[in-house]
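As structure tokens, the structure follows; a few thoughts come after it.
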Amino acid sequence: MPYEATVSYLGGTKRGPQAILDASRAVELYDIELDDEPYDVGVATLPELQLTGAGPAQAMRELRKAYAKAAAPGRFVIMLGGEHSISSPPILEHAARLTKQRRRLSVLQLDAHGDLREEWEGTPWSHACVMRRVIDDVDLVQVGIRAISVEERALMKQRAKSITTVFAHEMEDTEAWQARVLRALGKDVYITIDVDSSIRRWCRARGRPSRAAARGIRRCGCCAACSPSATWSRPTSWSWRRWRATRRPIFSSPASSTSSSPTTSTPGAAEAAEPWPSPSSPGC
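Number 158 in the working numbering belongs to position 171 of the sequence shown; there are no gaps in the numbering.
As structure tokens, then:
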């Protein structure tokens, strides 16, 4: 999803998806921690989706329709971007699906910014408002936050039952915060990652400046627990091979850097992944 329409400091996020895909060709396929090659469950990279230039609101409507079509049952969809605003359509789509089953979606947000503004620079669909657009429908768990406004802090306090925030300074020299995150998450978890959650020396090309990064964000226990399947379990009971055998979908997506959408498919299946619809297609 090379979408870049509401960036408010540095540009270039639209080039992130292709850069990730290009770099992925040089990455070893074997995962030491899993003792496996996860790609062999079947991976398809869909063509990038070009959204309308008619404004952020229309672009987000197009994205939701396209994402709903791509996120078919049994698929593990990862969206690469692109600015963080693209996370709200898939989150809302999964939340709506779960509501029909009387279940509630949890969102794990790894980020430097709260992204809870009502509007920013004239639009409620800005990258700075992405979590504000979804908090009525999900339980939000934020990790690594270190740059917010007075209004955002007031909203966090007002909605303390549905918004759990772990600030960057709370992660220094301790892992106690991980248990708090795990308690706040439900069984159905969507993960969204903004690259500015990382230490600056790991990733210098970020959209907005922020204070010192959260050093505690690595491949933390909360991410390991949420990654295997939509039906979430504690890290101690998680098994990659068990997930691979059942191939149940995960509702996961990095944001802040996003584009083409890899999805899982059954190895040996004859059917190709359903094409990512173009903005001019009926699906958009």
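We treat Cβ as the ideally placed atom computed from N, Cα and C, and that holds for glycine.
- Rounded to whole angstroms, the gap between the alpha carbons of R89 and A82 is 10 Å.
- Here Y54 is buried. Its C-beta has 16 or more other C-beta atoms within 10 Å.
- Between the stretch 109 to 124 and the stretch 62 to 76, the count of Cβ pairs shorter than 8 Å is three or higher; the stretches touch.
- Partner residues in the beta bridge of H100, as assigned by DSSP, are A134.
- Contact check for S93 against V153 fails: the beta carbons are separated by 9 Å or more.
- Annotation: T39 to D22 spans about 43 Å, alpha carbon to alpha carbon.
- Taken through DSSP and simplified to helix, strand or coil, Q129 comes out as strand.
- In this structure, the CA atom of T(-7) is about 15 Å from the CA atom of Q37.
- Secondary structure at L169: helix, using DSSP grouped into helix, strand and coil.
- In this structure, G131 is the residue among G131, V14 and A46 with its C-alpha nearest to the C-alpha of Q165.
- When the alpha-carbon of G109 is set against those of S(-5), E(-9), M(-12) and Y(-10), the nearest one is in S(-5).
- Shortest Cα-Cα distance from I78 to any of D124, T151, R167 and A171 involves D124.
- Using a 10 angstroms sphere on the CB of Q145, the tally of other CB atoms stays under 16, which defines it as exposed.
- Under DSSP, the beta-bridge partners assigned to I180 are L97.
- As computed with DSSP, T152 is found in a beta bridge with Q129.
- Secondary structure note for A57: its alpha helix (DSSP H) is the uninterrupted segment P43 to A57.
- Cβ atoms of Y(-10) and G69 come within 8 Å of each other, at about 4 Å.
- L92 carries a strand assignment under DSSP once its states are collapsed to helix, strand and coil.
- Rounded to whole angstroms, the separation of the alpha carbons of R104 and E139 is 6 Å.
- D126 and E157 have their C-alpha atoms roughly 20 Å apart.
- DSSP places H81 inside the alpha helix (DSSP H), whose first and last residues are S75 to K87.
- With contacts defined by Cβ atoms closer than 9 Å, V128 and V168 form a contacting pair.
- By the neighbour-count criterion, in which a residue is buried when 16 or more other Cβ atoms sit within 10 angstroms of its Cβ, R170 is exposed.
- Closest by C-alpha distance to G61, out of V28, K52, K87 and D183, is V28.
- Check the Cα spacing between I178 and each of F63, A134 and A141: the tightest is with F63.
- Taken through DSSP and simplified to helix, strand or coil, D18 comes out as strand.
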